Amino acid sequence: MENDILIDYAKKAMGNAYAPYSGFSVGTALLTVDGEIFTGCNIENSSFGATICAERCAVMKAVSEGCTSFSKIAIVSSGGNYTYPCGICRQFLSEFMEDGTVVLFDDVIGEIKEYSLDSLIPFAFNLNRD
Ligand code: THU
Numbered sequence: 014m015e016n017d018i019l020i021d022y023a024k025k026a027m028g029n030a031y032a033p034y035s036g037f038s039v040g041t042a043l044l045t046v047d048g049e050i051f052t053g054c055n056i057e058n059s060s061f062g063a064t065i066c067a068e069r070c071a072v073m074k075a076v077s078e079g080c081t082s083f084s085k086i087a088i089v090s091s092g093g094n095y096t097y098p099c100g101i102c103r104q105f106l107s108e109f110m111e112d113g114t115v116v117l118f119d120d121v122i123g124e125i126k127e128y129s130l131d132s133l134i135p136f137a138f139n140l141n142r143d
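Plus 13 on top of the position in the sequence shown (first one is 1) and you've got our numbering.
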């Protein structure tokens, strides 16, 4: 799947962000190993700690539809520059994304950066690891 296509999906999803408290909208597009795309946006809450990040939103949509293996996620934000997934989302993604790629987009310079998820969360927690 072309990064450009995933970024377009993420940008569209960002339009649905519910972020009245931070004013910071995030959109994601998650690619399953079967080629399906699930999008996500951040959903804030009056009780700030209840906020769901855009990455976990996409993962929850996918897993609840029976898709549990992902190869790539694209992340965009209203901040304009590269938006790296938070620590909780890195851990959350690592459950379902072995050898996965994280694609970030900087809207200001119009450039893409790619990382392996492993490089963003080396030694992710895993109950089954020996
Ligand atoms: N946010 C995400 O959606 N993903 C991240 O990886 C980091 C932060 C959201 C949460 C909150 O709604 C806003 O960005 C500001 O923290």
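Just so it is clear, CB atoms sit at the ideal spot from N, CA and C, and this is done for glycine as well. In this text, all values refer to a predicted model and were calculated from it rather than measured experimentally.
Inter-residue CB distance, residue i and residue j (contact presumed, cutoff 8 Å)
| i | j | result |
| --- | --- | --- |
| Glu68 | Thr41 | 5 Å |
| Ser38 | Ser82 | Not really, about 28 Å apart at Cβ, beyond 8 Å. |
| Tyr95 | Asp131 | With 8 Å as the limit, Tyr95 and Asp131 do not qualify as a contact, their Cβ atoms being about 18 Å apart. |
| Glu57 | Ser35 | 7 Å |
| Ala23 | Ala75 | With 8 Å as the limit, Ala23 and Ala75 do not qualify as a contact, their Cβ atoms being about 14 Å apart. |
| Phe51 | Cys80 | 7 Å |
| Val115 | Pro98 | 7 Å |
DSSP bridge partner residues for residue i (one or two, in chain order)
| i | result |
| --- | --- |
| Gly53 | Thr41 |
| Tyr31 | Ile56 |
Cβ-based burial, residue i [other Cβ within 10 Å; buried from 16]
| i | result |
| --- | --- |
| Ala71 | buried |
| Gly113 | buried |
| Thr121 | Here residue 121 is Val; the residue named in the question, Thr, does not match the sequence. Exposed: under 16 other Cβ atoms inside 10 Å. |
| Lys146 | The structure shown has nothing for residue 146, since the chain only spans 14 to 143. |
| Phe136 | exposed |
| Asn55 | buried |
| Cys12 | Any property of residue 12 remains undetermined from this structure, which presents the chain solely from 14 to 143. |
| Ala30 | buried |
Inside the region 60-133 only - alpha helix (DSSP H) runs reaching at least 4 residues: 67-77, 100-107 and 130-133
Residues around the ligand THU, please: the ones whose beta-carbon is closer than 6 Å to some heavy atom of it, in chain order. Ala32, Ser35, Phe37, Val39, Asn55, Glu57, Thr64, Cys66, Ala67, Glu68, Pro98, Cys99 and Cys102
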